[in-house]
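Notes follow once the structure below has been shown.
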Amino acid sequence: MVDIKIIVCIKQVPGTTEIKINPETNTLVREGIETVINPFDTYAIEEGVRLKEKLAPLLSQTGEEIETIALTMGPPQSGEMLKEAIALGIDKAVLLSDRAFAGADTWATALTLAEAIKKFDDWKLIILGKQTLDGDTGQVGPELAQKLNIPFIGYASSILDINKNRMTIKRLMEDRYETFEIRLPAAISVGKDINIPRVPSLRGKLKAKNEAIPVWDKNYLNLDQSQIGLEGSYTQVIKISMPEHHYEVKMLEGSPDHQVDELYGKLKELNIV
Amino acid sequence: MHYFLTEEQQMIVDICRQIVEERIKPQRAEMDENCIFPAEIIKEIGKSDLFRLFVPEQYGGMGTGIFEVCLATEELSRGDLSVATTYAASGLGFIPIILLGSEEQKKKYLPQLASGEKLAAFGLTEPEAGSDVGAIRTKAVKDGDFYILNGTKQWITNGGEADIYTVFTMTDPSKGARGASAFIVEKGTKGFDFGKKENKLGIRASATRELIFTDCRVPKENLIAGEGMGFIAAMRTFDQSRPAVGAQAVGVAQAALEEAINYSKVRKQFGASISSLQAIQHMLADMATQIEAARTLVYHAAKVIDSGEKNVSRLSAMSKLFASDVAMKVTTDAVQIFGGYGFMKEYPVEKMMRDAKITQIYEGTNQVQRNIIALDLIKRGVL
Amino acid sequence: MDIKVDESTCTGCSLCKNVCMYDAIEIINGKAVIDDNCVFCGACIDACKFNSIEITGLPDKHLDFSNYNGVMVFLETLDGAVLDVGYELATEGRKLASSLGVPLSGVLIGNKVKDNFLQAFEYGLDKIYCIDNPVFSNQLDDIYAKVLVQIIDKYKPEIFLAGATSFGRSLVPKVAAIIKTGLTADCTALAIDEEKKILLQTRPTFGGNVLATIVTKDARPQMATVRPHVMEKKKTAIAESEDQSAKIEFIDIDQSKFKTKYKLISTEKEAGENINITDYDVIVSGGRGIGGSDSFALLKELADLLGGVVGASRAAVDSNWISYPHQVGQTGKTVNPRVYIACGISGAIQHLAGMQTSDLVIAINKDPEAPIFKIANYGIVGDLFEVVPKLIRKIKMGRGLI
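Chains as they are written, first to last, in my numbering: chain Y, 1 to 273; chain X, 1 to 383; chain A, 1 to 402.
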């Protein structure tokens, strides 16, 4: 019997943002691009693993157990990414995969994740990366928290204290840090200042290799087509394009003194100095 | 190149590569310049299970062999030889326990060394005794349930940073090398102190210090394999560890080659990249060929050791000797290809050249390796 | 459509009351009673452990949004003052409202925020809804979400805009999740589709390498967060005779219904350091070429002279030369100042993603091949340790400081 579960929501994203658009179909060309765990999600994984390492000895004194679970919604090949999470120390993983999930916006994604999370008991904390590299919205976390009716702390920069029932957590806002105490269960999103993710371990990799990742589809989650994927989304992308950047580069030549004189002149023209 | 690695062996290489790219490369120049011990990186190496490669499964290890250790060492050396030395030196420190330690010693020390929670060091060298084990002056005198240690060890890798030290002493000076005995000494034992930190030509981020014993009382349970077994413990340890020095050499040479190739492609002289010059091309070809030969010898020696073969001294010494000479040559050539830039600290090759030199010196100078090879040839013939 | 509580199974446990964001449920005589505030969001049905609540007579998705009208912008406040992004939204909202021929309103929530009225109206608002209450002294997601939900439900704007600030990006998704409508994050351009009268929301994705235009279908309001400093803030002429007070509507709240689950323990700002780098017109950024933490003092001197702030590349932050809030780029902040001065930054794509929309980019780098020069307006190939001190000296001389 596991008494506390930490759920880490992760996403597979293209390893580069140098994306091309097929001019004929006006769709993104994604073939041939290596996929990786969304960089911010690696901090979420690490934080989950660290919390387990920290809490497990304390909980074992009272005979309690803690478990970390990685969750993703994505195509079948996202299972490989979940294995990477296991290699990094996550205990088990679940893949939410169904043709019907495709095209989900943040709303439909949050709904699907929420329904999956409800399948677990005793989850206390949900950790997400603060945003994805591709979509870049940062919305799934707060939307998910709202659907589960739990507090959400975004941009968490450190967990100062945590026990089974509550946590003290610091978040980074534009110009300040705020420290909150909140009751668990709760959801948080993390940035790169929270930790330095570890390198996978050999035992983790060997465990991951043999791990069978369960796949949950829409029927298992009792979701209707109208709630999920493109149909369940309230927003729809109607156009994609490449931004037009016009850069007129002027190299300032000559001796350093001359370069600086010229630069100073430009700054003066623009009323910056 | 394909080295016919198993899936698990490839995982080891991948893990090390990630550590090199993410942790070691961004820091190595600063660590070298300011002699900063890579404590965090070593912790990461521990968390990644790489120390477990040395250790049998029943003591928290992975049950792998010297070949796997060499793969890890080579990859880490591509990043930084200081890190690789620190890693390999911990292994060197606990190999005597694995080879000759009692069940109690193994149970007590190996799990925490395998996890990387604690680091080990190998304390053999003294001011008057390097390659000559018989000249050890550090004394251990039995006193009831204890041995009392007095003396100074010099240039001990991981000195001060390690928690567990394998220390070679003289229990019976009249017997020369056969009077040497090895002890496990824990950091913090009364009478066990550290001397000055050395300021070195290369592997500057690694810790090299004196170990000073002043009436240091060590429990008799910490004696490894009985009095007089010190020389055998040291020699058998070196037989196992020397291919890993060879792997260090291959790693640093490989790194220098990669830098040289990349640089030769972007450096333009006389209107073309210098990689189009035959003089450079031939240097690169020679460097690569020598590295490949060294790697093959190192891998072969490691595999022979892992096969359980007893007489491995010759092959083990050959792998260390050949690979370290190659490393010195290749890193020097890499600096040459970089020209004036190679001499500058902004580029990594000068550091590789400085680092490479130690592989010709430690764990037995290359002159000692030749002695070992020659002695074995004469004793056992060419087969 | 009706919502019913099955009194035979209801235990009066209050679970439903606690999740209701519309204050539509009271426990009367040990049973839940749902009043007219209910918007049929279904949160109580999910929360009820006894399956006692049921919505009956569900209509088909109603696609008639004729009762939604007007553009509403969120005037985010901090310590009692409206943030610039609020005025940028008002200026942009004015254009959208005019294009649709509908009114523009602002929502002003906070503690002691009344001083902002006059200024807020200068940006073209037709109306301000104001909640001035001590419970809103701090930026607490849950009670702000609740009050916004109630306001949106009451005044039914067809478009709702908020700043994509840290608070906005964490708060507004909660609001959208409750209201059940679409939300587009971090927009950089907004327009009205003249024919369909809908909002076209354009936002960068894939680190700024792709622009996506997004519409909200089948739900209202159309909600978007907008990246600060992208839209222009511009005052409009107001007739002096106009009576501003008639355009302000104070909304009283029952404080007891706004109990936060977030216990704010402390707020700290980094001493002597400006970490809010997105807020400055000039950013002087340092990268790997800076070589160490000490050299940032040089950049700070230049930044101070230009009234700017110090930024950094990932390499500099990862080397612990400067703290994370200064980081510009994919895994740091996205900035768009008037002037971005990149010193010793090679210009990896991840860095460019965070600053390429700056009005003017000046790059100083030793390596003439550095990618930063491809997007810079002015480039200097040279040693920053020579160029920057000379520039500092030149500026000081220009000001008669030397």
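For glycine and all other residues, C-beta sits at the position ideal for the given N, C-alpha and C.
Let me check understanding here. Comparing Cα to Cα, which of the options lies closest to residue i?
i	options	result
A288 of chain X	X:N311, X:E259, X:G134 and X:S313	X:E259
P204 of chain A	Y:E80, Y:K52 and Y:G135	Y:G135
K192 of chain Y	A:N18, A:G400, A:H326 and A:E369	A:H326
I37 of chain Y	Y:V215, Y:E64 and Y:Q77	Y:Q77
A376 of chain A	A:I364, A:Y262, A:G382 and A:L384	A:I364
T168 of chain Y	Y:I66, Y:Q131 and Y:L125	Y:L125
M72 of chain A	A:K196, A:V335, A:Q222 and A:A370	A:Q222
S158 of chain Y	Y:P39, Y:Y177 and Y:K119	Y:Y177
I238 of chain Y	A:F385, A:I55 and A:T213	A:T213
V167 of chain X	X:I95, X:I361, X:T73 and X:R204	X:I95
V82 of chain A	A:F50, A:L104 and A:N116	A:N116
G138 of chain Y	A:N209, A:T331 and A:D281	A:T331
D98 of chain Y	Y:H258, Y:E253, Y:L221 and Y:S255	Y:L221
R338 of chain A	A:G292, A:A224 and A:L360	A:L360
L199 of chain A	A:R220, A:V210, A:K180 and A:N209	A:R220
W123 of chain Y	Y:K52, Y:L270 and Y:T179	Y:K52
P39 of chain Y	Y:T106, Y:F180, Y:V13 and Y:A187	Y:V13
Would you kindly report the start and end of the unbroken beta strand (DSSP E) that includes residue i?
i	result
K197 of chain X	F192 to K197
S266 of chain A	K263 to E268
R183 of chain Y	Y177 to R183
P204 of chain A	I198 to T205
Q236 of chain Y	T235 to S241
Provide the residue span of the alpha helix (DSSP H) that contains residue i, from first to last.
i	result
N34 of chain X	R28 to N34
T56 of chain A	No alpha helix (DSSP H) holds T56 of chain A; the beta strand (DSSP E) holding it covers I53 to T56.
G106 of chain A	First-last for G106 of chain A: L104 to G110, but that is the beta strand (DSSP E), not the alpha helix (DSSP H).
Y109 of chain X	E103 to A114
T42 of chain Y	P39 to S60
A39 of chain X	A39 to K47
S170 of chain A	S166 to I179
E232 of chain A	Element bounds for E232 of chain A: n/a, residue is neither H nor E.
F94 of chain X	L81 to L100
P142 of chain Y	V140 to K147
L352 of chain A	I349 to M355
T331 of chain X	S313 to F338
Could you tell me the distance, in whole angstroms, from the CA atom of residue i to the CA atom of residue j?
i	j	result
T359 of chain X	A180 of chain X	26 Å
E271 of chain X	P348 of chain X	Position check: residue 271 of chain X holds Gly in this sequence, whereas Glu was assumed. Taking the straight line from one Cα to the other gives about 25 Å.
R234 of chain Y	K118 of chain X	Contrary to the premise, residue 234 of chain Y reads as Tyr rather than Arg in this sequence. Near 55 Å, if we compare the C-alpha coordinates of K118 of chain X and Y234 of chain Y.
M1 of chain X	Y341 of chain X	29 Å
V185 of chain X	S170 of chain A	56 Å
K83 of chain Y	Q18 of chain X	17 Å
G329 of chain A	G207 of chain A	9 Å
L377 of chain X	G15 of chain Y	55 Å
A191 of chain A	T132 of chain Y	26 Å
I213 of chain Y	I45 of chain Y	17 Å
P243 of chain X	S323 of chain A	43 Å
S264 of chain X	G86 of chain A	55 Å
K147 of chain Y	A162 of chain A	21 Å
Are the Cβ atoms of residue i and residue j separated by less than 8 Å?
i	j	result
L81 of chain X	I98 of chain X	no
H245 of chain Y	Q356 of chain A	yes
S189 of chain Y	G129 of chain Y	yes
K175 of chain X	G228 of chain X	yes
M173 of chain Y	S319 of chain A	no
T157 of chain X	A121 of chain X	yes
V317 of chain A	A303 of chain A	no
L92 of chain X	A72 of chain X	no
L95 of chain Y	G204 of chain Y	no
G168 of chain A	E92 of chain A	no
V384 of chain X	A177 of chain X	The structure shown does not extend to residue 384 of chain X, since chain X is modelled only from 1 through 383, so no value can be given for it.
S319 of chain X	A293 of chain X	no
Check whether the stretch 50-66 of chain X and the stretch 191-210 of chain X touch, using three or more Cβ-Cβ pairs below 8 Å as the test.
No: fewer than three Cβ pairs fall under 8 Å.
So does the stretch 129-138 of chain A actually touch the stretch 90-104 of chain A, counting three or more Cβ pairs closer than 8 Å?
Contact between the stretch 129-138 of chain A and the stretch 90-104 of chain A is absent, because fewer than three Cβ pairs lie under 8 Å.
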